[in-house]
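Below is one structure, written out as structure tokens; comments come after it.
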Amino acid sequence: FLMHDSGIQLLLTHTSLLDKLPIPAQVQTLDLADALDGYSTENPLNQTTPDNLAYVIYTSGSTGKPKGTLLAHHNLMRLFAATEDWFHFNEQDVWTLFHSFAFDFSVWEIFGALLHGGRLVIVPREVTRSPEEFHALLVEQQVTVLNQTPSAFKQLMRVACDSTSALSLQRVIFGGEALDVASLKPWLERFGDQTPQLINMYGITETTVHVSYRPITLADTQTPASPIGEAIPDLSWYVLDADFNPVALGCSGELHIGHAGLARGYHNRAALTAERFVPDPFSSEGGRLYRTGDLARYRAAGTIEYAGRIDHQVKIRGFRIELGEIEARLQAHPAVREVSVLALQGQLAAYLVPTEPDQDQQGLRETLKGQLRAHLPDYMVPTHFIVLDSMPLTANGKLDRKALPAPDASQLQATYSAPQGELEQQLAAIWADVLKLERVGRSDNFFELGGHSLLATQVISRIRQQLDVELSLRYLFEARDLAAFALAAGAGQGNDAPRFIKADRTQPLGLSYAQHRQWFLWQLDPENTAYIIPAALRLRGSLDIAALEHSFSALIARHETLRTTFRQQGEHAVQVIHAPRALTLSVESLPSGQSLEACVQQEMQRPFDLEQGPLLRVRLLNLNTDEHVLILTQHHIVSDGWSMPIMVDELVRLYEGCSQGREVSLTALELQYADYALWQRTWMEAGEQARQLDYWKQQLGDQQPILELPADYPRPVVQSHAGARLAVELEPALIDGLKQVSRQQGVTLFMLLLASFQSMLHRHSGQSDIRVGVPIANRNRAETEGLIGFFVNTQVLRAEFDVHTTFSELLQQVKHTALQAQAHQELPFEQLVEALQPQRSLSHSPLFQVMFNHQSQASADVRALPGLQVEALLPGSYPAQFDLTLNTAEHDGGLSAGLTYATALFDPRTIERMAGHWLALLQAICANAAQRIAEVPMLDRAERQQILHDWNATAADFPSEDCLHSLIEAQVRATPDAPALIFATEQLSYAQLNARANQLAHRLRESGVGPDVLVGICVERSLQLVIGLLAIIKAGGAYVPLDPDYPEDRLAYMMKDSGIGLLLTQAALLERLPVPPQVQSLCLDQHGDWLEGYSTANPVNLSHPLNLAYV
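Residue numbers 1 to 1111, in the UniProt record's numbering, belong to the letters of the sequence shown in order.
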């Protein structure tokens, strides 16, 4: 295929290859061993310009056929000129030709050595497959410049780190596939990061080998990112979304490359060229951009990190592979009905659904492997073949790749219609009680009256308590009005949960699941202050300290949790409820020399002793006669966010009564937290735990991805809880718009805000599976609504994205997920973690790393106290339990927001940008909820200027009028006797190499080779390989590398597709090459001095820098 597609007319090869090469009839072959007697050793007359082709390299194609990339001389010339200031290669350098010459990394190896007068050691193929032998060669030849794919280097690294032999390496340059920087840690710890210097160079064939430059240091191994650094100076690059809008700093998008390095396009593939080489919207000179298909994200100072492939194209051992090409071959087999190929941990896995269910699976695997080997290179044959009954699908009917098994308010009541029947009347009364309305009609909608998720939970719990009916929360969302909801409630099932009973206080009292988790964490680190709930109030006016003391004493007597401690009793932890006793407030003065803020902060950061207590601390600071500060701190094990409004409300009511000398009657509590803990364990252990756990296992699956937000600093080995908070202001018009969209979409504001947050995380991380922790009140039993205690549970809410997902679609997905989560909210988070067994690490939280916390209930806002002005004091620090938390709260028709973040990971400016992007998403949602999330622009004007212009001012000069071979000829004149090539025991100096290449170039000129004439070359590793490549370029042609190890039909396609008329090869290869009839072949291993008589002088240069150099 390669010979046919390229259209070569001449093939340089070896006689040994001729028999096995599928050489077309029209292709002339030239055996490199043929006598060149009579050919001049002078440089041929240069007939090439820098714009002429230098080579045509074929890479894997998505349609099942390879595509030839057209590269000119100037592409390669500017590559070395633009990187000169980084490398300063010279004649003292020793290089290796390690890679296949059909892989464009070889272009850098071959000409990097020869253009700078260095020595090129051609590595025998068998040595490339033996890390031990290759290491010995590096030592023996004193190699200084090593180019490696990360996969190959990992094998070499194991040998080098254990060896006592000294290497001479100065630089190790990585390319060909994504670099896992963390894997380099053993090397860097052994050899350091300066000698040799490790350099990651991202690159693509279509942009001439390399695109970027990034030295690697030991500090880089602390992050999972794959940094590719900064662009080569004469290139521009942009990270763009689907509409060619620049993405924000830290967000993922497709990497586009522009300016000097771009290839002409694809040979004979005009449509594909137009698809991948697109007009540059940021250029005023009609420039082009190459769409790489790679995901990337901007980091600080314009550097970029690689984030994976957008499409099905992957790299295995440095070879770029279109999985579609493999799938097309497998799908062509009659025994295969469906197929999908994935890249898993550096290996290919083929998932098959056979045509016949009774097919012999082992026989099918062997048959398919044989078919692939006959048509594809070895690196494209999957390691694993997994036979399935059917392919798993998502809810949208798409292939679910993740599921493939691993190998082995009242004013809205414009018209009132009274409830009809007893059930409607009972439900109307429950709605009115929860919503604090005087009446509810049968045509009223719960959410239009001001309902939200938490209030909906209260409705369901009251129905359970009062009507003994168990209903799913979704019925409330799906019912258009009270009447429709009553129909659903009438068909509801009976409540099968056990009733609450009073726990026997004479027996040891067990902990709830949530308390047990807190007890465990406290035992691990008693000094940890991440789970302290603080509050500080400035009180101005006449404070009745005795009334305040009495109020706290009554509150502590009322709620057992406020007088509870914990201890270990044998194998079990128990809670100890102490008898009520009066609280004595000691009025303290502000410590000398300490600011109020420091004093409050110190108290809020003081750890609790869960065994000794108390777990509610009350401290009163006297600033002057009429000004005090009340500091309250609780441990999370006895309280939660829902509890705070309860405490504030009851404390205010008690204080009002005490200060006025009257009794206060609070509604009696039917049970205490210890009773709930007993009920919870009884119910969950009776089978409810297993039912809910089954749901969560199915919902979250076996794989628990880590959310990899672009952080500013390496993640600490042990998670730091040091944090900070950024307040985010939402304009009233935006809040109104969000509420309107919520009503139109049939979702709550909580759901909309969660979906927007997940969208922002998706855009920043580039990940399609976004999991966010969400605290849930877990007060779905009416009896628990008035208790102070630790009820809150944490759920993991998952959202899945693709490039087509609209916000409207995401809202319905989030709505479904949230309602299902509400129906399974009692399963303790810690039990979910134990069941899923994610990879545990002290560096991050399990199952999720970011949280969304929305307060839609009445918050613990400060209520008026008789004779006092009350002001809440904000904490000076914000512990970060997670990488990032978005906190939102509804209040008085408004909405407040803030981002709490781990300062060990993020710089404040990064969080400010993130907040701006979230607001941009919210604005876009209000404008058009039907638009694709991937297409929403998030950058402000300053970011666009920075990314599009400031970071792309990369103009640089290079010898644009010179051709590749001209510079090599200059090197020959400078160092004629320096060694240029080494293979086994053979060696050529620069003068000898140039003379032989010149003779062959003159011979090629006789065969019609000139500017932009493609010449195939299929040669085993040898001196003849480099001589042939250089001769083709000197003659003015462009070489098309044909790897002898490729299957025959692939080689035939490349010859035909490229349109070569000449093939350089070797005699042994010619016998097996599928050379088309029209292709002339020339064996390079002919006996004797077959080029004698041809001049050794440099041929007259016929080339221009824009001519092709290779394809």
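For every residue, glycine included, the Cβ atom is placed at its ideal position computed from N, Cα and C.
Beta-bridge analysis with DSSP links residue 290 to 257, 277. The beta carbon of residue 343 lies closer than 6 Å to those of 314 in the same chain, with the five residues before and after it left out.
Taking the C-beta atoms as reference points, residue 757 is found nearer than 9 Å to residue 886. Burial is judged here by how many other beta carbons sit within 10 angstroms of a residue's own beta carbon; residue 524 has fewer than 16 and is exposed. Membership of residue 187 in any beta strand (DSSP E) is not indicated; the residue belongs instead to the alpha helix (DSSP H) covering 185-191. Here the region 952-964 lies against the region 44-54, with 3 or more beta-carbon pairs under 8 Å apart. In the DSSP assignment, residue 798 falls outside any alpha helix (DSSP H) and within the unbroken beta strand (DSSP E) covering 793-800. Beta-bridge annotation (DSSP): residue 42 is paired with 1097. In this structure, the beta-carbon distance from residue 847 to residue 796 falls below 9 Å.
An exposed status is given to residue 546, since fewer than 16 other beta-carbon atoms sit within 10 Å of its beta-carbon. Taking residue 158 as the centre and dropping the five residues before and after it, the same chain places no C-beta closer than 6 Å to its C-beta. Going by C-alpha positions, residue 339 is about 15 Å away from residue 380.
Contact annotation: residue 873 and residue 540 have beta-carbon atoms that are not nearer than 9 Å.
A distance below 9 Å separates the beta carbons of residue 178 and residue 306. Cβ contact annotation for residue 879 (same chain, cutoff 7 Å, sequence separation greater than five): 529, 530, 721, 723, in chain order. Annotated as distal: residue 46 and residue 1105, with beta-carbon spacing of 9 Å or more. Contact between residue 1083 and residue 29 is confirmed by a C-beta separation of about 6 Å, below the 8 Å threshold. Taking residue 588 as reference, the option from 391, 329, 627, 96 with the minimal CA-CA separation is 627. Per DSSP, the unbroken beta strand (DSSP E) holding residue 769 starts and ends at 769-776. At a Cβ-Cβ threshold of 9 Å, residue 143 and residue 95 count as neighbours. Taking C-beta atoms under 8 Å as the contact rule, residue 376 and residue 1050 qualify, at a distance of about 7 Å. Residue pairing for residue 238: DSSP places it in a beta bridge opposite 256.
Here the alpha carbon of residue 100 sits roughly 6 Å from the alpha carbon of residue 106.
Residue 851: member of the beta strand (DSSP E) spanning 850-855, first to last residue. Exposure of residue 665 is indicated by the presence of fewer than 16 other C-beta atoms within 10 angstroms of its C-beta. In the structure shown, residue 331 adopts helical secondary structure according to DSSP, grouped into three states. Taking the C-beta atoms as reference points, residue 18 is found no nearer than 9 Å to residue 1020. Just measuring C-alpha positions, the residue of 229, 274, 715, 912 sitting nearest residue 296 is 229. Closest by C-alpha distance to residue 195, out of 169, 175, 180, is 169. The distance from the Cβ of residue 1086 to that of residue 27 is about 17 Å, inconsistent with a contact at the 8 Å cut-off. Between residue 503 and residue 675, the alpha-carbon positions lie close to 5 Å from each other. Secondary structure at residue 90: coil, using DSSP grouped into helix, strand and coil. Scanning 922, 323, 113 for the CA closest to the CA of residue 741 turns up 922. Assignment of residue 551 by DSSP, reduced to helix, strand and coil, places it in the helix class.
Under the three-state reduction of DSSP, residue 642 is assigned to coil, being neither helix nor strand. Residue burial annotation: residue 697 is exposed, with fewer than 16 other C-beta atoms found within 10 angstroms of its C-beta.
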